[in-house]
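Asker:
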Amino acid sequence: MQSRSTVERDVAVVQRIEAVPRILSAVTEITGMRFAAVARVTETRWTACSVRDELDFGLAPGGDLELEMTICNEIRQHREPVIFGEASTHPVYSTHHTPRHYGLQSYAAVPIHRANGDFFGTLCAIDSRSVPLDAPALLKSLELFADLIGTQLEMIEDLERARSHLHEARSRERVLATAEREIRDLLQPVVTTLYLLQGSASLSAADRRLVEDMDASCKEVTQVLRDRLDAALTG
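Note that this note's numbering gives residue 129 to position 85 of the sequence shown, counting from 1, and the numbers run on in steps of one.
#1: Out of 169, 175, 199 and 201, which has the shortest C-alpha to C-alpha gap to residue 186?
#2: What residue range is occupied by the uninterrupted alpha helix (DSSP H) comprising residue 68?
#3: Counting Cβ pairs closer than 8 Å, one from the stretch 127-142 and one from the stretch 171-191, do we hit at least three?
#4: Nearest-angstrom Cα distance between residue 45 and residue 97?
#5: Give the DSSP bridge partners of residue 157, in chain order.
#6: Could you check what DSSP says for residue 91 in three-state terms: helix, strand or coil?
#7: So residue 84 is in the beta strand (DSSP E); what residue range does that whole segment cover?
#8: Taking the alpha helix (DSSP H) that residue 121 falls in, what are its first and last residues?
#9: Where does residue 174 fall in DSSP's three states?
#10: With DSSP run on the structure shown, which of helix, strand or coil describes residue 138?
#11: Looking at residue 94 and residue 64, is the spacing between their C-beta atoms short of 7 Å?
#12: Examine the ligand GTP and report whether any of its heavy atoms sits within less than 6 Å of the Cβ of residue 188.
#13: Taking all protein chains shown into account, do 16 or more other C-beta atoms lie within 10 angstroms of the C-beta of residue 104, making it buried, or fewer, making it exposed?
#14: Please classify residue 249: is it buried, with 16 or more other beta-carbons within 10 angstroms of its beta-carbon, or exposed?
#15: Measure from the alpha carbon of residue 162 to the alpha carbon of each residue in 197, 144, 171 and 139, then state which is nearest.
#16: Where does residue 182 sit, in a helix, a strand or coil, going by DSSP?
#17: So, is residue 147 buried or exposed, given that buried needs 16 or more other C-beta atoms within 10 angstroms?
#18: Roughly how many angstroms lie between the CA atoms of residue 201 and residue 142, to the nearest whole one?
#19: Do you know how far the Cα of residue 136 is from the Cα of residue 81?
#20: Roughly how many angstroms separate the alpha carbons of residue 191 and residue 139, rounded to a whole number?
This is the structure:
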């Protein structure tokens with residue numbers, strides 16, 4: 045089940061696809077219908093992502109229809125296109141609740157799938173008047189448009205994921221750089237003191253060996269920390 049925030053994100057993604065308004069314009073032109081939309085359809089919601097409305101249907105992007113009153117919900121289940129030009133004479137849709145509820149005569153909807161095959165929603169068109177929709181090329185054109193939208197969805201989502209990963213990498217790099225600087229600042233006084241002690245003529249041989257061992261340990265710790273920070277940056 046998709047959360048409200050997830051559906052709203054999907055609406056925003058469709059809004060970013062520059063080709064969608066042109067596709068909806070083409071859909072109204074080739075079908076002769078006055079309303080076309082890209083809809084996100086889940087198990088619980090029907091949400092308009094982008095709309096071309098010359099019918100005064102009154103639905104804007106982000107607006108919902110009652111899921112059970114849509115044919116798109118049936119398409120979500122059987123994943124097949126639905127198209128008819130005159131509901132009142134159609135053997136199935138003359139008695140279907142959706143055309144009756146919305147006063148529709150003509151209807152066309154094809155499923156939109158993501159690149160991995162997951163169902164996203166529909167590319168649909170409606171009108172209150174009868175429209176001839178029998179030409180085989182018409183359905184093929186709608187399916188082609190739906191495939192294009194599905195491909196664009198995947199491209200934008202891939203880009204968003206890449207940007208998110210880049211942001212995370214840059215944030216991690218800043219954190220690690222700060223950590224390296226703080227560790228270096230902590231060790232520097234110790235290293236400086238050891239360096240000065242090594243130059244002192246008053247140290248006994250035993251003390252000098254101890255100072256040299258401490259200096260070597262500090263250098264080893266510094267190198268280990270640097271190696272681990274480098275590994276974290278590239279990991």
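Backbone N, C-alpha and C define an ideal beta-carbon position, used for all residues, glycine too.
Answerer: So, from the listed chains and residues:
#1: 169
#2: 63-75
#3: yes
#4: With a pLDDT of 48 at residue 45, under the threshold of 50, the modelled position of this residue cannot be trusted; read the value that follows with caution. Those two C-alpha atoms are separated by around 29 Å.
#5: 163
#6: strand
#7: 79-85
#8: 115-122
#9: coil
#10: coil
#11: yes
#12: In the structure on display, the ligand GTP does not appear, and there are no ligands present to speak of.
#13: exposed
#14: exposed
#15: 197
#16: helix
#17: exposed
#18: 33 Å
#19: 23 Å
#20: 31 Å
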